[in-house]
Amino acid sequence: MYIGRVDGTVVATIKNDVFHGCKLLVVGKLDLDGKPMAKYDIAVDMVQAGVGDRVLVLDEGNSARQIVGREPDGVIRAVVVGIVDDFTLAEGASV
Amino acid sequence: MQLGRVIGTLVATQKYEGLEGVKFLVVQPLDKRGESDGEPLVAADGTAQAGPGELVFMIYSREAALALPEDFVPVDAAITGIVDEVDVR
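Those sequence lines, one after another, are chains A and B. Residue 95 is where the first sequence ends in the working numbering, and the numbering goes up by one at each step. Residue 184 is where the second sequence ends in the working numbering, and the numbering goes up by one at each step.
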């Protein structure tokens, strides 16, 4: 999983059936200093996240299918699974 | 999934079993702002409705095959939707 920021939303009429009724968010990965990185995902929202929120993103297909309830063959990989309140690094930890 | 712009089509008559009827498109991957990001690639069209010029989103790796009618086929990128609107701030 990684920490990301919700940068925006995607709207699509023509899409795979598994996404019907799902909110799709554009989530940019953050480094541990909170700075945006180049990586991003279009992820399914499971926690009512909104633009600007700092979130926890799962990027693994089997877990994603389980929690979205689309087993065994849902075409789904990235899911927003939490809204991050706070995180801290141990003192002296190098990032 | 990531954004991409369809820039071409690909035809292959002889291909691995299970891929009959699957449409292949040449896609330029984009960053979240819509700028080109990396080299163009060939993706299977899981929507069966995408065409050149369209903004799409794609899924990579094992999940790509799950977008197709036959879900155990050798494909590592597939189009899963056609974008109506992206709003990135």
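Glycine is no exception: its CB is placed at the ideal position from the N, C-alpha and C atoms. Predicted, not measured: the structure shown is a model, and the values here were computed from it.
Assuming G116 of chain B contacts M153 of chain B under a Cβ cut-off of 8 Å, what Cβ separation, rounded to an integer in Å, is found between them? Within the second sequence, the letter at position 21 stands for residue 116 of chain B. Within the second sequence, the letter at position 58 stands for residue 153 of chain B. Not confirmed; about 19 Å, so no contact.
What residues match up with K15 of chain A in a beta bridge as DSSP calls it? As a working note, residue 15 of chain A is residue 15 in the first sequence. Bridge partners of K15 of chain A: B:G176.
Quick one: list the residues of chain A neighbouring V178 of chain B, beta-carbon separation under 8 Å, in chain order. Against the second sequence, residue 178 of chain B aligns to sequence position 83. Think of a sphere of 8 Å around the beta carbon of V178 of chain B: the chain A residues whose beta carbon falls inside it are V10, V11, A12, in chain order.
Chain-ordered chain A contacts of R100 of chain B [CB-CB under 9 Å]: Position 5 of the second sequence holds residue 100 of chain B. The premise fails here: R100 of chain B is roughly 14 Å from chain A at the closest Cβ pair, so nothing lies under 9 Å.
Looking at K118 of chain B and the ligand ADP, is the gap between the Cβ and the nearest heavy atom below 7 Å? Ligands in the displayed structure: none, and consequently the ligand ADP is not present.
Would A138 of chain B pass as a contact of V122 of chain B if the rule is Cβ separation under 8 Å? Taking the first residue of the second sequence as 1, we reach residue 138 of chain B at position 43. Taking the first residue of the second sequence as 1, we reach residue 122 of chain B at position 27. Contact flag set, yes.
Helix or strand or just coil, what does DSSP make of V51 of chain A? Here residue 51 of chain A refers to the residue found at position 51 when the first sequence is read from its first residue. V51 of chain A: coil per DSSP, three-state reduction.
Is it buried or exposed for T175 of chain B, if we count other Cβ within 10 angstroms and need 16 for buried? Numbered from its first residue, the second sequence carries residue 175 of chain B at position 80. The residue is buried, with at least 16 neighbouring Cβ atoms inside 10 Å.
Could you work out which residue in A:G34, A:L89, A:E60, A:T88 is closest to V75 of chain A when comparing CA atoms only? On the first sequence, residue 75 of chain A is found 75 positions in, with the first residue counted as 1. Of the listed residues, the one whose Cα sits closest to V75 of chain A is A:E60.
Contact defined as beta carbons within less than 8 Å: I believe V79 of chain A pairs with V44 of chain A. What is the distance between those atoms, to the nearest angstrom? Counted from its first residue, the first sequence places residue 79 of chain A at position 79. Counted from its first residue, the first sequence places residue 44 of chain A at position 44. Your pair V79 of chain A and V44 of chain A checks out as a contact, with CB atoms roughly 5 Å apart and the cut at 8 Å.
What runs of the alpha helix (DSSP H), each 4 residues or longer, lie entirely inside the stretch 61-87 of chain A? 61-68
Do we get a CB-CB distance below 8 Å when we pair Q123 of chain B with the residues of chain A? Within the second sequence, numbered from 1, the residue matching residue 123 of chain B stands at position 28. No - not a single Cβ of chain A is within 8 Å of the one on Q123 of chain B.
Can you give the Cα-Cα distance for V106 of chain B and F167 of chain B, rounded to whole angstroms? Translated into the one-based positions of the second sequence, residue 106 of chain B becomes position 11. Translated into the one-based positions of the second sequence, residue 167 of chain B becomes position 72. Cα-Cα distance, rounded: 20 Å.
Please list, in chain order, all residues of the same chain as K39 of chain A whose beta carbon is under 6 Å from its beta carbon, the five residues on each side excluded. The residue labelled residue 39 of chain A in the question sits at position 39 within the first sequence. Contacts found: K29.
Can you give me the Cβ contacts of V18 of chain A inside the same chain, cut-off strictly under 7 Å, excluding the 5 residues immediately before and after it? Position 18 of the first sequence, counting from 1, holds the residue named residue 18 of chain A. Only R70, G74, V75, I76 meet the Cβ criterion.
Which residues does DSSP list as the beta-bridge partners of F167 of chain B? Mapped onto the second sequence, residue 167 of chain B falls at position 72. DSSP output for F167 of chain B lists no bridge partner at all.
Measure how close the beta-carbons of V10 of chain A and L32 of chain A come, nearest whole angstrom, since I'm counting them as under 8 Å. Your numbering for residue 10 of chain A matches position 10 in the first sequence. Your numbering for residue 32 of chain A matches position 32 in the first sequence. Contact flag wrong, Cβ pair sits at about 27 Å.
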